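Per the UniProt record's numbering, residue 1 is the first one in the sequence shown, and the count goes up by one each step.
Structure record follows, encoded as structure tokens.
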Amino acid sequence: MSSEETRTLLKSIRRIVRANDLQSRALAKSTGLTGPQLVILMAVAELGKVTTKALAEHADLSPATVVTVLENLEQREIVERYRSEADRRIVYTRLTPKGLALVSHAPRVFGDDFARRFAGLPAKRRLELVESIAELAQLMSANG
1 MSSEETRTLL KSIRRIVRAN DLQSRALAKS TGLTGPQLVI LMAVAELGKV
51 TTKALAEHAD LSPATVVTVL ENLEQREIVE RYRSEADRRI VYTRLTPKGL
101 ALVSHAPRVF GDDFARRFAG LPAKRRLELV ESIAELAQLM SANG
């Protein structure tokens, strides 16, 4: 890789990280939720009755992180966790009425401006970008 490619790639990644940080701060200010909390909340809404393991896989977060987020959301009465009647070892999570209300009014994870601009791209270009970012993430990961 040339030094120009390295510099451009590093600068682009820093811009993405910075934009994500700013969006996370705006999200926390407007909803009281962090990015990971909103991701978990949306996952519970999407998946319904769900285990911690399934949430971790869906959100691509570690089970320990998911447990910490769920504990916080449960303390705030946004989600509730309960044991399976068939197998007491299995713990499920579901939204409370407060959680349902939060989800129905929650902003988009990346923000409305990004969502609008991204949706304005042709479908083929959106797919190319999603695939490229996923490939870059895989290349950058420890097990890539």
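Beta carbons are placed, not taken as given, at the ideal position from N, Cα and C, and that holds for glycine.
Given the structure is predicted, the values throughout are model-derived calculations rather than measurements.
Between THR93 and VAL39, the C-beta spacing is not below 8 Å. Boundaries for ARG94: no alpha helix (DSSP H) harbours it, while the beta strand (DSSP E) harbouring it runs 91-95, taken from the DSSP string. In the structure shown, GLU77 falls within a coil segment according to DSSP collapsed to helix, strand and coil. Under the three-state reduction of DSSP, VAL109 is assigned to coil, being neither helix nor strand. In this structure, DSSP gives ARG88 a state outside helix and strand, which the three-state scheme calls coil. By the 16-neighbour rule on beta-carbons within 10 angstroms, VAL17 is exposed.
Distance from the Cα of ALA106 is smallest, within the candidate group ASP87, ALA19 and THR34, for THR34. The DSSP-derived three-state label of THR34 is coil.
Out of ASN20, MET42, ASP112 and LEU10, the CA that lies nearest to the CA of VAL103 is found in MET42.
Here LEU61 is not near ALA54, since their CB atoms are 8 Å or more apart.
For VAL50, DSSP records a beta bridge to THR93.
Checking the DSSP bridge columns, you'll see ARG117 has no partner listed.
For SER2, there is no enclosing alpha helix (DSSP H), as DSSP gives it neither H nor E.
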